[in-house]
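Q: Here's a structure for you.
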Amino acid sequence: MAKAVWNGIVLAESDNTVIVEGNHYFPIEDVNLAYFSETAHHTTCPWKGEASYYTINVDGESNENAAWFYPQP
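In terms of my numbering, the numbers along the sequence shown are unbroken and rise by one, the last being 77.
If you want it as structure tokens, here you go:
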């Protein structure tokens, strides 16, 4: 099972991740969205599409643009 943890909080946990270029991509239903806030940052990959970035917020600490999401991979 893959698990994403930051500042001692489990942000995501899943047996169904997809690994692309060494990164685990979690199904949205396995992510604790309460800790994520969307930013204005976006990037585009020719084969994965446009990524939206999120800042992780845990116990008053932030990790800006630390997570990304491809809605149409």
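In this text, a Cβ means the ideal position worked out from N, Cα and C, and glycines have one as well. Keep in mind that this is a model prediction, so the values were computed, not measured.
1. In terms of residues, what are the limits of the beta strand (DSSP E) holding K52?
2. Hey, Y29 and H45 are a contact pair by Cβ (cut 8 Å); roughly how many whole angstroms apart?
3. Output the distance between the C-alpha atoms of Y39 and A6, rounded to the nearest integer angstrom.
4. Counting along the chain, where does the beta strand (DSSP E) carrying A71 start and finish?
5. I'd like the span of the beta strand (DSSP E) that includes V9, first residue to last.
6. Since Y29 is in the beta strand (DSSP E), which residue starts that stretch and which ends it?
A: Quick answer:
1. Per DSSP, K52 is not a residue of any beta strand (DSSP E), being assigned neither H nor E.
2. That pair is no contact at about 18 Å.
3. The alpha-carbon separation between Y39 and A6 amounts to approximately 18 Å.
4. Where A71 is concerned, the enclosing beta strand (DSSP E) starts and stops at E65 to F73.
5. Segment A6 to W10, the beta strand (DSSP E) holding V9.
6. Here the beta strand (DSSP E) through Y29 covers N27 to Y29.
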